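Q: Before we start, here is the structure in question, set down as structure tokens.
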DNA sequence: GTCTATACAACGATAGAC
DNA sequence: GTCTATCGTTGTATAGAC
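Chains as they are written, first to last, in the numbering used here: chain P, 2 to 224; chain X, 2 to 224.
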């Protein structure tokens, strides 16, 4: 794989007058220069990326395709996200796990069934994406330290810290990371390394097997 | 599609230092042809590869660098290992976890303490490599399907299948993959994503927390 | 002599510099 | 865009073991 140099211009608020490629076209083509105000290029790219990455996986998706679907120039991906990987990280993390929505599902019910609900929710959502997104996510983490930071904030601060907090136990930090470790391992084994029979097992089979682990990490005896 | 321009216009096959054994005194450059017996090119490559892969990861390490450190030509990597991938598999998988040695350690003792011994052994060995090799391993399996196959054979067939078999339970295949899932997740969280406080936790703290999970996957109730 | 481990040259691809 | 350095890999001539 490539070690793309990522300058990470990242979250620049003001657009920096990047010229769009002059479209092939005669009339209906895009104009050069800054787009009219109110068009949220960044959001459009993220939404297009979710669709295209989900359809084609990380490898299959091309920056050009995503940009075309978003109706902007491919150079915008570099400008806003520092490259394909950065766009991916943002698109993938927020797509299947919109935090407030997931939290609502997970925290609605008995604490003693939290493990079950967590494993079922994660596996179901990951399965829906076909696993390609998970694999690309892992790759993104190993390739760029920055992606690890994004994942860390999301996984821990937005999800597991709050989940574990709701259980009213001590050592919440360690418990949260232990939960993350088992779930990441589950994803690695099922979608990336593809160890059988786990990779093809029913969701409910895995829920039965793994939920007690998560439950113990949340509010059981860990030391 | 450019044919790279060679600098020296004289494209003589024979030139320079190679020709003379007798006349010219200094034979500092490597001579062509078979080296004197007793020089273990293969082992030298594996050792160099461990160092370089650990420092630079799979992508960052180059075959040429590894070969140079080993004091041999880069083509030897192909000759002995079939390519970069093969060298990586041998260097990363078989050296720190020489299966028979690890199996001996793990299977020596009570079955009810297997979880403890497994977690302690893996963490200790991974910690010794500084985590660089683990990161390189993960990177490798996300990049190349073939590396996943190597990992699968090693982890399951050589290690966990036998371990679980020794416990005399059913569902050994699923149990083995469950064990692998927690250990891979532990490595991901500690060495790649670096979630704190798990990433900096004492080995024994993690042994206490995670060993019961592994133990349950080996011979507990999983469904 | 045969066989093979070895080093050198070169290729196509690609990423970065200019 | 063009050029260049470098990557992994392959082809091949040769030196040394047998």
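Quick reminder that beta carbons are idealized off the backbone N, C-alpha and C, glycines included.
Everything numeric in this text was worked out from a predicted model, so none of it was measured.
(1) Considering only residues of the region 134-203 of chain X, which uninterrupted alpha helix (DSSP H) runs meet the minimum length of 4 residues and lie entirely inside it, listed in chain order?
(2) Kindly list the residues whose CB is nearer than 7 angstroms to the CB of residue 117/X, restricted to its own chain and excluding five residues on each side of it in sequence; keep chain order.
(3) Residue 111/X by DSSP, collapsed to three states: which one?
(4) Under the three-state reduction of DSSP, which class applies to residue 223/X: helix, strand or coil?
(5) List the residues of chain X that residue 115/P touches, going by C-beta distances under 7 angstroms, in chain order.
(6) Is the region 149-160 of chain X in contact with the region 149-166 of chain P, if contact means three or more CB pairs nearer than 8 angstroms?
(7) Using beta carbons (cut-off 7 angstroms, strictly below), is residue 100/X in contact with chain P?
(8) Relative to the alpha-carbon of residue 195/P, which residue among 182/P, 132/P, 79/P has its alpha-carbon at the smallest distance?
(9) Measuring CA to CA, which of 161/P, 224/P, 124/P is closest to residue 203/P?
(10) If the cut is a Cβ gap below 9 angstroms, which residues of chain P does residue 184/X touch?
(11) Can you list, in chain order, the residues of its chain with a C-beta nearer than 8 angstroms to that of residue 128/X? Leave out the 5 residues immediately preceding and following it.
(12) What did DSSP end up calling residue 128/P once you bin it into helix, strand or coil?
(13) Are residue 192/X and residue 135/X touching if we call contact CB-CB under 7 angstroms?
(14) Could you tell me whether the region 179-193 of chain P touches the region 178-188 of chain X, where touching means 3 or more Cβ pairs closer than 8 angstroms?
(15) Checking contacts by CB at 7 angstroms: is residue 212/X closer than that to chain P?
(16) State the DSSP-derived secondary structure class of residue 84/P, mapped to helix, strand or coil.
(17) Could you work out which residues of chain X lie near residue 217/P, taking near to mean beta carbons separated by less than 8 angstroms?
(18) Should residue 1/X go down as buried or exposed, given a rule of 16 or more other Cβ atoms within 10 Å for buried?
(19) Just to check my reading of the structure: residue 92/X and residue 51/X have Cβ atoms closer than 8 angstroms, yes? What is that Cβ distance to the nearest angstrom?
(20) From what residue to what residue does the alpha helix (DSSP H) around residue 55/X run?
(21) With hydrogens ignored, establish whether the beta-carbon of residue 117/P is closer than 6 angstroms to any heavy atom of the ligand HEM.
(22) In the structure shown, what three-state DSSP assignment does residue 75/P receive?
(23) Counting only C-beta atoms, is residue 129/X closer than 7 angstroms to chain P at any point?
(24) Below 8 angstroms on the Cβ atoms is my contact criterion, and I expect residue 81/P with residue 138/P to pass it. Report the Cβ-Cβ distance as a whole number of Å.
(25) Just mark residue 41/X as buried or exposed, buried being the case when its beta carbon has 16 or more other beta carbons within 10 Å.
(26) Going by alpha carbons, who is nearest to residue 130/X out of 74/X, 57/X, 159/X, 111/X?
(27) Pull up the CB-CB distance for residue 223/P and residue 115/P, whole angstroms please, since I reckon it's below 8 angstroms.
(28) Who are the neighbours of residue 174/X on chain P, taking C-beta pairs under 8 angstroms?
(29) Does residue 91/X come out as helix, strand or coil in the three-state DSSP assignment?
(30) Is the CB of residue 153/X under 7 angstroms away from at least one CB in chain P?
(31) Less than 7 angstroms between CB atoms is the rule here; does residue 125/X satisfy it with respect to chain P?
(32) What is the rounded straight-line gap between the Cα of residue 88/P and the Cα of residue 70/P?
(33) Give a yes or no on whether the C-beta atoms belonging to residue 106/P and residue 215/P are separated by under 7 angstroms.
A: In short:
(1) Taking only runs of at least 4 residues, the alpha helix (DSSP H) segments lying wholly in the region 134-203 of chain X are 146-153, 162-168, 173-188.
(2) As a first step, residue 117/X must be located in the second chain, where it is residue number 116. 208, 212.
(3) For the purposes of this step, residue 111/X is taken as the residue at position 110 of the second chain. It is coil, neither helix nor strand.
(4) As a working mapping, residue 223/X is identified with position 222 in the second chain. Residue 223/X falls in the coil class under three-state DSSP.
(5) What you label residue 115/P is simply residue 114 of the first chain in a count that begins at 1. The contacting residues do not exist; residue 115/P stays about 16 angstroms from chain X at best.
(6) no
(7) The count along the second chain starts at 1 and reaches residue 100/X at position 99. Chain P, which has no Cβ nearer than 7 angstroms to the Cβ of residue 100/X, makes this no.
(8) For the purposes of this step, residue 195/P is identified with residue 194 of the first chain, where counting begins at 1. Residue 195/P has its Cα closest to that of 132/P, out of 182/P, 132/P, 79/P.
(9) Working through the first chain from its first residue, we reach residue 203/P at position 202. By alpha-carbon distance to residue 203/P, the top candidate from 161/P, 224/P, 124/P is 124/P.
(10) Here the question's residue 184/X lines up with position 183 in the second chain. Neighbours of residue 184/X on chain P, chain order: 186.
(11) Within the second chain, residue 128/X is the residue found at index 127, counting from 1. Within the same chain, residue 128/X has close Cβ partners 204.
(12) For this step, residue 128/P is matched to residue 127 along the first chain. Assignment of residue 128/P by DSSP, reduced to helix, strand and coil, places it in the helix class.
(13) Within the second chain, numbered from 1, the residue matching residue 192/X stands at position 191. Within the second chain, numbered from 1, the residue matching residue 135/X stands at position 134. The answer is yes: Cβ separation under 7 angstroms.
(14) yes
(15) Counted from its first residue, the second chain places residue 212/X at position 211. Taking Cβ atoms only, chain P never reaches closer than 7 angstroms to residue 212/X, which makes this a no.
(16) Position 83 of the first chain, counted from the start, is the residue given in the question as residue 84/P. Of the three classes helix, strand and coil, the one that applies to residue 84/P here is coil, per DSSP.
(17) Sequence index remark: in the first chain, residue 217/P carries index 216 (1-based). 213, 214, listed in chain order.
(18) Only positions 2 to 224 of chain X appear in the structure, and residue 1/X is not among them; the question remains open.
(19) Here residue 92/X refers to the residue found at position 91 when the second chain is read from its first residue. Here residue 51/X refers to the residue found at position 50 when the second chain is read from its first residue. Right, the Cβ-Cβ distance comes to about 5 angstroms (below 8 angstroms), so this counts as a contact.
(20) As a working note, residue 55/X is residue 54 in the second chain. First-last of the alpha helix (DSSP H) with residue 55/X: 42-61.
(21) Looking at this structure, you won't find the ligand HEM or any other ligand, since it has none at all.
(22) Here the question's residue 75/P lines up with position 74 in the first chain. Coil, per DSSP.
(23) As a position in the second chain, residue 129/X is number 128, starting the count at 1. Answer no: the Cβ-Cβ gap between residue 129/X and chain P never drops below 7 angstroms.
(24) Within the first chain, the letter at position 80 stands for residue 81/P. Within the first chain, the letter at position 137 stands for residue 138/P. Incorrect: roughly 19 angstroms between the Cβ atoms, too far for contact.
(25) For the purposes of this step, residue 41/X is identified with residue 40 of the second chain, where counting begins at 1. Exposed: under 16 other Cβ atoms inside 10 Å.
(26) For the purposes of this step, residue 130/X is taken as the residue at position 129 of the second chain. Of the candidates 74/X, 57/X, 159/X, 111/X, the one whose C-alpha sits nearest the C-alpha of residue 130/X is 57/X.
(27) Indexing the first chain from 1 puts residue 223/P at position 222. Indexing the first chain from 1 puts residue 115/P at position 114. That belief does not hold up - the Cβ atoms of residue 223/P and residue 115/P are roughly 15 angstroms apart, past 8 angstroms.
(28) As a working note, residue 174/X is residue 173 in the second chain. Residues of chain P passing the Cβ test: 197, 198.
(29) As a working mapping, residue 91/X is identified with position 90 in the second chain. Residue 91/X: helix per DSSP, three-state reduction.
(30) As a first step, residue 153/X must be located in the second chain, where it is residue number 152. At least one chain P Cβ lies under 7 angstroms of residue 153/X.
(31) In the second chain, residue 125/X corresponds to position 124, counting from 1. Residue 125/X does not count as touching chain P.
(32) Working through the first chain from its first residue, we reach residue 88/P at position 87. Working through the first chain from its first residue, we reach residue 70/P at position 69. Roughly 14 angstroms between the two C-alpha positions.
(33) By one-based count along the first chain, residue 106/P stands at place 105. By one-based count along the first chain, residue 215/P stands at place 214. Against a cut-off of 7 angstroms, the Cβ pair of residue 215/P and residue 106/P comes out as no contact.
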